[in-house]
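Residue numbers (the numbering used here): 21 to 479.
Idealized CB from N, CA, C, for every residue including glycine.
All figures in this text were calculated on a predicted structure; none of them were measured in a lab.
One structure is given here, and the rest of the page talks about it.
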């Protein structure tokens, strides 16, 4: 079945046709590593991980690049504040980011380029832009001449005047046009810098991605993706400089942008004190709960994050894992799993994860009711659907044992034994009191034909 994607550049949903079906290329903007990332930063890698999985099922080879920005003014400020080299800051937080993505079930990209290892490529691209009349040097800076590129603003759909009014544009006497953006800037001795034809300095943010993308994926790539907040100015600037540096060649054929996260209906911001650090959330909740919630809304729509939504996500996953627990005796060849057609169809429809979740819920209901030999197919379908979304990756026993080391297990077992005796003696008041006591310990109990199971409520 064909994959259809909403292309932000054309503003319509199109059938995805790669320029080379044997080598599909995708670039996703990665983190600037100066601190732990927040939950909003996790939405693009999770969403486009689902896309990468989909593409790998449909094409022989995907080359997926997700960069790391390891030279930036925020990194410089953090390094100066702590009195260390920028490498100590970037090395620590790049690894923290990888660890967080691993915990979220995000598969590693094929290529993870860093800006500091591509300085020569960045300088060479800037030299080509100057030589072709699209950039100019001024007072130790090199700037892209926005007026030299007629299609500037096509991605965001705004005129240059509108973009200047809506953006924080640095007013500088050396600029020909207020919208011209920096490709290279000078570095003082206390700042990191590299030798260049324009003096010691460092690259601007936008040129880094253009150079890294070209180095690993070629002048024209199939898919470029990232958050809608990057559409302007970052992606707009990438298009301009890449197109002009490569003689007018198309930079990216399909542009995908995910919507932003809000928290209880409000924009996340440090001033409001509602920025949720991903590293901390992963310690507080099962990672699949976070992943589920990041995928619950359609990727192009805003996503509201709340404690209530987390609780509901945990309950949904508990239900699905409960079905798998009931099918624990059913043998499955995990290497032979396939994605059920209805789930694959939903994902081929511009990553329609809400529809995919609806299909997964239907498969869970079918598996719950399956009898005899049908249980094998039902379990395989449920696991195959989960595989497409990066969910249901734990054994049920592991899932329900999460957090048990954080409570007094012996005390829980003793209370459960006392509750069993109370129920046998028809002392339901005492049995209910014990249930309440366990609930206060964040312990959830489930009575079944096999006895009483318990787990720790998280999320």
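Spatial neighbours of residue i in its chain, beta-carbon cut-off 8 Å, leaving aside the 5 residues before and after
| i | result |
| --- | --- |
| residue 396 | 350, 351, 352 |
| residue 42 | 79, 80, 81 |
| residue 141 | 231, 232, 234, 235 |
| residue 384 | 339, 340, 343, 402 |
| residue 552 | Since the first residue shown for the chain is 21 and the last is 479, residue 552 is missing from the structure and cannot be characterised. |
| residue 297 | 56, 57, 58, 59 |
| residue 448 | 442 |
Of the residues the options, the one placed nearest residue i, counting alpha carbons only
| i | options | result |
| --- | --- | --- |
| residue 268 | 304, 316, 172 | 172 |
| residue 374 | 357, 392, 405 | 405 |
| residue 164 | 138, 200, 32, 151 | 200 |
| residue 381 | 365, 421, 337 | 337 |
| residue 29 | 312, 270, 348, 445 | 270 |
| residue 254 | 280, 151, 227 | 227 |
| residue 109 | 124, 52, 207 | 52 |
| residue 321 | 328, 280, 370 | 280 |
| residue 229 | 335, 153, 134 | 134 |
| residue 440 | 261, 34, 465 | 465 |
| residue 77 | 422, 208, 21 | 21 |
| residue 73 | 46, 61, 97 | 46 |
| residue 348 | 306, 331, 419, 317 | 419 |
| residue 315 | 118, 371, 25 | 371 |
| residue 363 | 332, 389, 409, 346 | 409 |
| residue 166 | 104, 39, 261 | 261 |
| residue 179 | 256, 208, 125 | 256 |
| residue 212 | 447, 330, 104, 23 | 104 |
| residue 282 | 252, 305, 317 | 317 |
Neighbourhood of residue i by C-beta, 6 Å cutoff - its chain only, sequence neighbours within 5 removed
| i | result |
| --- | --- |
| residue 265 | 145, 148, 149 |
| residue 75 | 44, 82 |
| residue 475 | 420, 464 |
| residue 359 | 404, 408 |
CA-to-CA distance, residue j to residue i, given in whole angstroms
| i | j | result |
| --- | --- | --- |
| residue 88 | residue 412 | 29 Å |
| residue 368 | residue 113 | 34 Å |
| residue 100 | residue 91 | 13 Å |
| residue 215 | residue 93 | 18 Å |
| residue 203 | residue 95 | 18 Å |
| residue 36 | residue 71 | 12 Å |
| residue 250 | residue 357 | 36 Å |
| residue 414 | residue 292 | 36 Å |
| residue 325 | residue 128 | 25 Å |
| residue 50 | residue 194 | 31 Å |
| residue 237 | residue 244 | 11 Å |
| residue 274 | residue 387 | 38 Å |
| residue 379 | residue 54 | 40 Å |
| residue 69 | residue 217 | 39 Å |
| residue 176 | residue 377 | 31 Å |
| residue 158 | residue 170 | 22 Å |
| residue 132 | residue 139 | 15 Å |
| residue 98 | residue 365 | 46 Å |
| residue 515 | residue 355 | A query on residue 515 cannot be resolved here, the shown segment of the chain reaching from 21 to 479 and no further. |
| residue 452 | residue 106 | 58 Å |
| residue 31 | residue 241 | 18 Å |
| residue 450 | residue 422 | 28 Å |
Span of the beta strand (DSSP E), counted from its first residue to its last, around residue i
| i | result |
| --- | --- |
| residue 276 | 272-278 |
| residue 222 | 221-223 |
| residue 204 | 201-206 |
| residue 17 | This structure gives no information on residue 17, because the portion of the chain shown stretches from 21 to 479. |
| residue 161 | 161-164 |
| residue 46 | 44-48 |
For residue i, the first and last residue of its enclosing alpha helix (DSSP H)
| i | result |
| --- | --- |
| residue 142 | 139-151 |
| residue 343 | 327-346 |
| residue 367 | 361-368 |
| residue 407 | 394-409 |
| residue 381 | 373-389 |
| residue 308 | 307-316 |
Sequence-distant residues of its chain with Cβ nearer than 7 Å to residue i (five each side left out)
| i | result |
| --- | --- |
| residue 153 | 168 |
| residue 278 | 63, 64, 67, 247, 248, 319, 320 |
| residue 299 | 56, 116, 120 |
| residue 27 | 34, 274, 275 |
| residue 124 | 62, 66, 307, 310, 311 |
Three Cβ pairs or more, each shorter than 8 Å: is that satisfied between the stretch 105-121 and the stretch 217-224? no
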